[in-house]
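Written out below as structure tokens is the structure these notes cover.
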Amino acid sequence: MIAADYLNPAYWSAVLHSGMAEMAMPSFWVAVGKIIWINILLSGDNAVVIAMACRSLPPKQRFWGMILGAGVAVGLRILFTVVIASLMTMPYLKIAGGLALFYIACKLLVPDESHGEVEAADHLWRAVRMVAIADIVMSLDNVIAIAAAAGGSLLLLVFGLAVSVPLIIAGAALIMGLLDRFPILIWAGAALLGWITGEVLATDPAVEPLLVARFGAEGAHQVELAAAAVCAVLVLVVGGLWRRSKQARAAAKVAEHEA
Numbered sequence: 014m015i016a017a018d019y020l021n022p023a024y025w026s027a028v029l030h031s032g033m034a035e036m037a038m039p040s041f042w043v044a045v046g047k048i049i050w051i052n053i054l055l056s057g058d059n060a061v062v063i064a065m066a067c068r069s070l071p072p073k074q075r076f077w078g079m080i081l082g083a084g085v086a087v088g089l090r091i092l093f094t095v096v097i098a099s100l101m102t103m104p105y106l107k108i109a110g111g112l113a114l115f116y117i118a119c120k121l122l123v124p125d126e127s128h129g130e131v132e133a134a135d136h137l138w139r140a141v142r143m144v145a146i147a148d149i150v151m152s153l154d155n156v157i158a159i160a161a162a163a164g165g166s167l168l169l170l171v172f173g174l175a176v177s178v179p180l181i182i183a184g185a186a187l188i189m190g191l192l193d194r195f196p197i198l199i200w201a202g203a204a205l206l207g208w209i210t211g212e213v214l215a216t217d218p219a220v221e222p223l224l225v226a227r228f229g230a231e232g233a234h235q236v237e238l239a240a241a242a243v244c245a246v247l248v249l250v251v252g253g254l255w256r257r258s259k260q261a262r263a264a265a266k267v268a269e270h271e272a
């Protein structure tokens with residue numbers, strides 16, 4: 014497929030007619046169900062990220078944060094499945110993504126107060142960016158299952174994932190309510206992202222073969238679990254220190270203002 018074909022109306026007409034024919038077949042809807050179910054199973058971490066990233070937004074911003082966050086999550090899942098799945102084999106890509114995810118996990122523990130509509134809007138887009146980066150990292154290993162269920166059909170892929178958006182939003186809303194009621198779950202969510210960070214780092218193509226050669230397949234799996242546990246603890250330690258430092262600076266500013 015060359016770039017000029019995408020500008021040809023006849024190409025899109027053929028795609029539309031092909032899609033209508035696909036949707037008339039029972040196998041299409043069976044495959045849609047498979048994709049929705051796979052995406053539900055694989056999107057639990059996405060719902061956690063969306064809920065944690067949006068929890069500090071003003072009430073009016075939370076709804077749009079969840080909508081945009083879920084849209085970004087699904088859009089990136091489609092993009093990865095269609096064109097970027099091959100990047101999973103590139104050395105050091107997961108390491109870079111894992112470090113980004115580690116930063117996000119720590120940042121989610123730091124209080125982030127907003128004042129005024131402009132700053133609140135800025136915080137909304139900041140939350141969406143955090144969801145986007147986290148989903149980029151966490152989707153790398155999920156795209157194969159979704160692509161297999163789609164069987165090479167772009168229409169099937171887009172339709173199935175688009176239907177999953179309300180489910181991700183509902184999950185994020187439920188988790189956000191729990192975070193408001195039980196703040197300790199914020200730390201549990203950050204630890205979960207830290208755990209995923211360790212798994213991402215240990216399964217990078219530049220690292221995993223070395224671990225297998227050194228420890229064997231079973232030993233490499235144990236190292237992966239150990240790396241996940243270490244990163245989960247590190248997130249709590251680094252995020253906790255970062256949180257304490259920011260709270261101390263905020264308290265100092267308040268005391269200076271009152272003086």
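According to the numbering used here, the sequence shown is numbered sequentially starting from 14.
Backbone N, C-alpha and C fix where the C-beta goes; we use that ideal spot for every residue, glycine too.
Unbroken alpha helix (DSSP H) run spanning residue i, endpoints
i, result
"valine 250", "221-271"
"threonine 210", "197-215"
"tyrosine 116", "106-120"
Neighbourhood of residue i by C-beta distance below 6 angstroms, restricted to the same chain and skipping five residues each side
i, result
"alanine 208", "In the sequence as displayed, the identity of residue 208 is tryptophan instead of alanine. So the qualifying residues of the chain are Ala241 and Ala245."
"phenylalanine 115", "Thr210"
"leucine 191", "Leu198"
"valine 225", "Ala233"
"proline 39", "none"
"glutamine 235", "none"
Check whether residue i and residue j have beta carbons under 8 angstroms apart
i, j, result
"isoleucine 63", "glycine 82", "yes"
"isoleucine 182", "valine 87", "no"
"glutamate 237", "threonine 216", "yes"
"glycine 229", "valine 141", "no"
"isoleucine 91", "valine 178", "no"
"isoleucine 188", "alanine 60", "yes"
"alanine 268", "alanine 203", "no"
"alanine 219", "proline 104", "yes"
"leucine 214", "lysine 107", "yes"
"leucine 169", "alanine 44", "yes"
Counted within 10 angstroms of its Cβ, other Cβ atoms place residue i as buried (16 or more) or exposed
i, result
"valine 248", "buried"
"phenylalanine 41", "buried"
"leucine 223", "exposed"
"valine 144", "buried"
"alanine 147", "buried"
"methionine 14", "Confidence in methionine 14 is poor, its pLDDT being 46 and thus under 50, which makes the residue's placement unreliable; the coordinate value appears in the next sentence. The residue in question, methionine 14, is exposed, as its Cβ has fewer than 16 Cβ neighbours within 10 Å."
"alanine 185", "buried"
Close-in-space but distant-in-sequence residues of the same chain around residue i (CB under 8 angstroms, 5 per side omitted)
i, result
"valine 123", "Gly252, Trp255, Arg256 and Lys259"
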